[in-house]
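Positions 1 to 379 (the numbering used here) are the ones given, in order, by the sequence shown.
Note that the Cβ used here is the ideal one computed from N, Cα and C, for glycine as well.
First up is the structure itself, then whatever we jot down about it.
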Amino acid sequence: MHVSFSAPTRLAGLLLGGLLLSALGSGSAQASRIKEVAAVEGVRSNQLTGFGLVVGLDGTGDQTTQMPYTAQGMTNYLQQLGITLPAAAVAQLQLKNVAAVLVTTQLPAFARPGQTLDVNVSSMGNAKSLKGGMLISTPLKGADGEVYALAQGNLVVAGAGAAAAGSKVQINHLSAGRIPAGAQVERSVPTPLLEGNSISLGLEASDFQTARRVAQAINRRFGLGAARALDGRTVRVNAPTDPDARVAFIAEMEELQIEDSVRSAKVVINSRTGSIVLSQAVTLGPCAIAHGNLSITVSTTPVVSQPNALSTGGQTVVTEKSNIQIKQEPGILIQVPAAPQLADVVRALNALGATPQDLLAILQAIKAAGALNAELEVI
Numbered sequence: 001m002h003v004s005f006s007a008p009t010r011l012a013g014l015l016l017g018g019l020l021l022s023a024l025g026s027g028s029a030q031a032s033r034i035k036e037v038a039a040v041e042g043v044r045s046n047q048l049t050g051f052g053l054v055v056g057l058d059g060t061g062d063q064t065t066q067m068p069y070t071a072q073g074m075t076n077y078l079q080q081l082g083i084t085l086p087a088a089a090v091a092q093l094q095l096k097n098v099a100a101v102l103v104t105t106q107l108p109a110f111a112r113p114g115q116t117l118d119v120n121v122s123s124m125g126n127a128k129s130l131k132g133g134m135l136i137s138t139p140l141k142g143a144d145g146e147v148y149a150l151a152q153g154n155l156v157v158a159g160a161g162a163a164a165a166g167s168k169v170q171i172n173h174l175s176a177g178r179i180p181a182g183a184q185v186e187r188s189v190p191t192p193l194l195e196g197n198s199i200s201l202g203l204e205a206s207d208f209q210t211a212r213r214v215a216q217a218i219n220r221r222f223g224l225g226a227a228r229a230l231d232g233r234t235v236r237v238n239a240p241t242d243p244d245a246r247v248a249f250i251a252e253m254e255e256l257q258i259e260d261s262v263r264s265a266k267v268v269i270n271s272r273t274g275s276i277v278l279s280q281a282v283t284l285g286p287c288a289i290a291h292g293n294l295s296i297t298v299s300t301t302p303v304v305s306q307p308n309a310l311s312t313g314g315q316t317v318v319t320e321k322s323n324i325q326i327k328q329e330p331g332i333l334i335q336v337p338a339a340p341q342l343a344d345v346v347r348a349l350n351a352l353g354a355t356p357q358d359l360l361a362i363l364q365a366i367k368a369a370g371a372l373n374a375e376l377e378v379i
């Protein structure tokens, strides 16, 4: 047996492997519309979910002996249709063509009864495939427990699979599907858009400079005092009380342009995948870095001990002899110059020739040394 652990520090094409970067170069200041950085508070979608059954499967449904809720769900559905099964019959149900699923969708703002929604259907049991199945009537509830939509229809599963004699071939995912326009809205959710004589804008990210510029842009267009920033995330705007005038006011306000503020300097590290993302404002101070190789090799050799040919009562014994070797190569001290722009930071990190996994430790060490002018976030 031979096991080897190594941490190499040289790999061509570092950024292609795990370093994902935003657009290079400082560039000139750009303008964004208010609708791209803020949204009217109260105008939001709501998540709906429900428990349902998919029928019509070709023997690829749940094994009801292992998934009792599938049989219970079918029994409840039959009772609603006026069919009552005895307890003994329920215990013996073998519904290979039925699968228990969870149905989810989003109820958009201003949705009215009669409108249709796309729904996602996901198996919650051990069904092999939902392909060819049909979702029977499923009520979709909100967080308050009320029913806001009903879902039903044939599933669209973008996949295929076949199995025979212990062999199996599958393309894409077969335990989840989608029903276009598969739900119908039954109840609308009231929104506070037309309440009061003002509306509130919620910024996508908390930033005092952006809130200030949004208020300034609105005041330049609609007059001084039309808007004021309450904090780094909320802007209060005076709006007409007439519904038609308020909709026109919001439509015009959302198209107003503001100058983009300088984004915060941040380095996001995904320790599970080795991905690293640097924002545009990241800068690097002068520093010196050394990162060496460490290789640990563990090898095991079987050793057989046999008794002599004329001995009595002896037996063959197999033992293992382990050999551990540790090899550490000296790291080369590399001087990294100051990098005032993102392109310079990329060139400096590429000069190290480190793998993305090694770069995770290097960036944290640079931050601890005070040479990385950015916020370090590990996800």
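Handout entry: C-alpha distance - residue 335 paired with residue 285, whole-angstrom precision
Key = Answer to the nearest angstrom: the Cα atoms are 11 Å apart.
Problem - Contacts around residue 96, its chain only, beta-carbon distance under 7 Å, and the 5 residues preceding and following it disregarded - result: Taken in chain order, the residues that qualify are 59 and 61.
Practice task
Could you check if residue 81 is buried or exposed, using at least 16 other CB atoms within 10 Å of its CB as the buried criterion?
Solution key: Per the 10 Å Cβ criterion, exposed.
Practice task
Could you tell me whether the stretch 126-133 touches the stretch 106-117, where touching means 3 or more Cβ pairs closer than 8 Å?
Solution key: Segment contact: the stretch 126-133 against the stretch 106-117, fewer than three CB-CB distances shorter than 8 Å; contact not assigned.
Practice task
Take every Cβ of the stretch 226-244, pair it with every Cβ of the stretch 180-199, and state whether three or more of those distances are shorter than 8 Å.
Solution key: Taking 8 Å as the limit for Cβ pairs, the verdict is that the stretch 180-199 does touch the stretch 226-244.
Exercise for the section: Look at the alpha carbon of residue 5 and the alpha carbon of residue 325, and state the distance between them as a whole number of angstroms. Expected result: Note that residue 5 scores 37 on pLDDT, short of 50, meaning its location in the model is unreliable; the coordinates nonetheless yield the value given after this. If I take the Cα positions, the gap works out to 11 Å.
Practice task
Pick helix, strand or coil for residue 235, following the three-state DSSP scheme.
Solution key: Looking at residue 235 - three-state DSSP - the assignment turns out to be strand.
Exercise for the section: Work out the CA separation of residue 49 and residue 77 for me, nearest whole Å. Expected result: Taken atom to atom, the span from the alpha-carbon of residue 77 to that of residue 49 is near 18 Å.
Exercise for the section: Would you kindly work out how many angstroms separate the C-alpha atoms of residue 86 and residue 75, rounded to a whole number? Expected result: Rounded to the nearest angstrom, the two C-alpha atoms are 10 Å apart.
Exercise for the section: Please classify residue 224: is it buried, with 16 or more other beta-carbons within 10 angstroms of its beta-carbon, or exposed? Expected result: Per the 10 Å Cβ criterion, exposed.
Practice task
For residue 147, count neighbouring C-beta atoms within 10 Å of its own C-beta (all shown protein chains included) and say buried if the count is 16 or more, exposed if not.
Solution key: Result: exposed.
Exercise for the section: Would you mind sorting residue 318 into buried or exposed? The rule is 16 or more other CB atoms within 10 Å of its CB. Expected result: Taking every protein chain shown into account, the CB of residue 318 has fewer than 16 other CB atoms within 10 angstroms, so this residue is exposed.
Handout entry: Cα-Cα separation, residue 3 to residue 373
Key = Here the model assigns residue 3 a pLDDT of 39, short of 50, so the residue's position is not dependable, and the following value carries that caveat. Counting only the Cα atoms, residue 373 lies some 40 Å from residue 3.
Practice task
Counting only the same chain and skipping the five closest in sequence on each side, list residues whose C-beta sits under 8 Å from that of residue 305.
Solution key: Contacts found: 316, 317, 318 and 319.
Handout entry: Reduced DSSP secondary structure (H/G/I, E/B, other) of residue 347
Key = Correct three-state label for residue 347: helix.
Practice task
State yes or no: is the C-beta of residue 238 within less than 7 Å of the C-beta of residue 226?
Solution key: Contact flag set, yes.
Exercise for the section: Reducing DSSP to helix, strand and coil, say where residue 324 ends up. Expected result: Residue state, collapsed to three classes: strand.
Handout entry: Classification of residue 128 by the beta-carbon crowding that lies within 10 angstroms, buried from 16 upward
Key = Label assigned to residue 128: buried.
Practice task
May I ask which residues mark the beginning and end of the beta strand (DSSP E) holding residue 395?
Solution key: For the chain, the structure presents residues 1 to 379; residue 395 sits outside this window and is missing.
Practice task
State the Cα-Cα distance for the pair residue 410 and residue 183, rounded to the nearest angstrom.
Solution key: Because the chain spans 1 through 379 in this model, residue 410 falls outside it and cannot be assessed.
Exercise for the section: Mind checking who residue 141 pairs with in its DSSP beta bridge? Expected result: In the DSSP output, where bridge partners are listed per residue, residue 141 has 49 and 147.
Exercise for the section: Could you name the residues of the same chain whose beta carbon sits closer than 8 Å to that of residue 365, not counting the 5 residues immediately before and after it, in chain order? Expected result: Excluding residues within five positions, the ones whose Cβ falls inside 8 Å are 289.
Exercise for the section: Note down, one range per segment and in chain order, each alpha helix (DSSP H) of at least 4 residues found wholly within the stretch 237-290. Expected result: Runs of the alpha helix (DSSP H) spanning 4 or more residues and lying entirely within the stretch 237-290 occur at 243-254, in chain order.
Practice task
Look at the Cβ atom of residue 360, then the Cβ atom of residue 269, and state whether they are nearer than 7 Å.
Solution key: Result yes, Cβ atoms of residue 360 and residue 269 sit closer than 7 Å.
Handout entry: CA-to-CA distance, residue 46 to residue 55, given in whole angstroms
Key = As the crow flies, the alpha-carbon of residue 55 is around 28 Å from that of residue 46.
Handout entry: Helix, strand or coil at residue 104 [DSSP, three-state]
Key = Of the three classes helix, strand and coil, the one that applies to residue 104 here is strand, per DSSP.
Handout entry: Buried versus exposed, by CB contacts within 10 Å (16 or more), residue 23
Key = Residue confidence for residue 23 is low, a pLDDT of 36 falling below 50, so the modelled location carries little weight and cannot support an answer.
Practice task
Within 10 angstroms of the Cβ of residue 264, are there 16 or more other Cβ atoms? Answer buried if so, exposed if not.
Solution key: Exposed.
Practice task
Would you decide whether residue 258 is buried or exposed? Buried here means 16 or more other CB atoms lie within 10 Å of its CB.
Solution key: Counting the other Cβ atoms within 10 Å of the Cβ of residue 258 gives 16 or more, which makes it buried.
Problem - Residue from 280, 112, 358 and 376 whose Cα sits closest to the Cα of residue 339 - result: Nearest to residue 339 by C-alpha distance, out of 280, 112, 358 and 376, is 280.
Handout entry: Start-to-end residues for the alpha helix (DSSP H) that takes in residue 34
Key = Start and end: 34-37.
Practice task
Check whether the Cβ atoms of residue 125 and residue 100 lie closer than 7 Å to each other.
Solution key: Yes.
Problem - DSSP-derived helix/strand/coil call for residue 78 - result: For residue 78, the three-state secondary structure derived from DSSP is helix.
Handout entry: Integer-rounded CB distance, given that residue 121 should sit under 8 Å from residue 212
Key = Going by Cβ atoms, the distance from residue 212 to residue 121 rounds to 46 Å, so no, they are not a contact pair.
Handout entry: Between the CA atoms of residue 68 and residue 36 - distance to the nearest angstrom
Key = Rounded to whole angstroms, residue 36 to residue 68 spans 48 Å at the Cα level.
Exercise for the section: Could you pull the start and end residues of the beta strand (DSSP E) that residue 335 belongs to? Expected result: Bounds of the beta strand (DSSP E) holding residue 335 are 334-336.
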